[in-house]
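Have a look at the structure below, then the notes.
Protein chains: 2
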Amino acid sequence: MKSKAIFYHAGCPVCVEAEQNVALALDSDRFNLEVVHLGEQKSRISEADKSGVKSVPALLLDNKVFHINFGAALNDLK
Amino acid sequence: MKSKAIFYHAGCPVCVEAEQNVALALDSDRFNLEVVHLGEQKSRISEADKSGVKSVPALLLDNKVFHINFGAALNDLK
Numbered sequence: 199m200k201s202k203a204i205f206y207h208a209g210c211p212v213c214v215e216a217e218q219n220v221a222l223a224l225d226s227d228r229f230n231l232e233v234v235h236l237g238e239q240k241s242r243i244s245e246a247d248k249s250g251v252k253s254v255p256a257l258l259l260d261n262k263v264f265h266i267n268f269g270a271a272l273n274d275l276k
Numbered sequence: 199m200k201s202k203a204i205f206y207h208a209g210c211p212v213c214v215e216a217e218q219n220v221a222l223a224l225d226s227d228r229f230n231l232e233v234v235h236l237g238e239q240k241s242r243i244s245e246a247d248k249s250g251v252k253s254v255p256a257l258l259l260d261n262k263v264f265h266i267n268f269g270a271a272l273n274d275l276k
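Which chain is which? The protein sequence lines are A and B, in order.
Under the numbering used here, the first residue of the first sequence is numbered 199, with each subsequent residue one higher.
Under the numbering used here, the first residue of the second sequence is numbered 199, with each subsequent residue one higher.
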């Protein structure tokens with residue numbers, strides 16, 4: 199069974215770079231990657247918040263949050 | 199041809215978590231992953247510095263630096 203990976207971003211240049219390089223480098227045989235644009239899907243912000251996401255871009259793997267560089271604070275997307 | 203990925207760390211808990219979850223999630227069909235412990239390989243610190251690594255853990259993909267969470271500042275490893 200594949201693990202779930204969620205990449206949260208906000209469309210910022212730092213986000214795009216992290217998506218194209220890190221998120222898309224994940225092994226698709228082992229991970230189902232979901233890409234969530236929190237600027238366009240504001241209803242997902244509370245879910246990201248509960249998962250521990252403090253800023254974007256962030257990658258959620260196995261319920262662990264990995265903040266990758268810094269694009270924007272989650273609070274600034276609310 | 200595979201791309202080169204370098205994961206720089208210092209053995210800290212934040213580093214280990216990022217290695218086990220993010221670095222090891224990379225697609226090994228597309229990336230040759232090298233793991234560098236900067237506490238044990240201090241001769242590699244200047245190379246990391248030149249690549250733009252400011253803190254560990256950090257992942258270098260296609261000459262771009264992705265700082266993943268925060269374990270320790272590179273300057274504190276010198």
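Cβ atoms here follow ideal geometry from the backbone N, Cα and C, with glycine treated the same way.
Model, not experiment: these values are computed from the prediction.
8 Å is my cut-off, CB to CB: does B:Lys202 come that close to chain A? no
Apply the 10 Å Cβ neighbour rule to A:Ser241 and answer buried if 16 or more other Cβ atoms are within range, or exposed otherwise. exposed
Whole angstroms is fine: what's the gap from A:Asp247's alpha carbon to B:Asn219's? 20 Å
Does the segment 202-209 of chain A touch the segment 220-232 of chain A, meaning 3 or more C-beta pairs lie closer than 8 Å? yes
Own chain partners of A:Pro255 with C-beta closer than 6 Å, once the 5 adjacent residues on each side are dropped: His207, Cys213, Ala216, Ile266 and Gly269
Does the beta carbon of B:Phe229 sit closer than 8 Å to a beta carbon anywhere in chain A? yes
Give every residue of the same chain whose Cβ lies closer than 7 Å to the Cβ of A:Val263, excluding the five residues on either side of it in the sequence, and list them in chain order. Ser249, Gly250, Val251 and Ala256
Please name the residue in A:Leu236, A:Asp260, A:Phe229 and A:Ser201 whose C-alpha comes closest to that of A:Ala271. A:Leu236
Under 8 Å, Cβ to Cβ, is there at least one residue of chain A near B:Val251? no
Amino acids of chain A, ordered along the chain, whose beta-carbon sits closer than 8 Å to that of B:Asn273: Ordered by position in chain A, no residue passes the 8 Å Cβ test against B:Asn273, which lies about 18 Å from the chain.
Mind checking who A:Lys262 pairs with in its DSSP beta bridge? A:Leu259
Within 8 Å of any Cβ in chain B, is that where the Cβ of A:Asp225 sits? yes
Which chain B residues are close to A:Val220, counting only those with a beta carbon under 8 Å from its beta carbon? Val220, Leu257, Leu259 and Phe264
Return the residue from the list A:Pro211, A:Phe229, A:Cys210 and A:Lys276 that minimises the CA-CA distance to A:Asp260. A:Phe229
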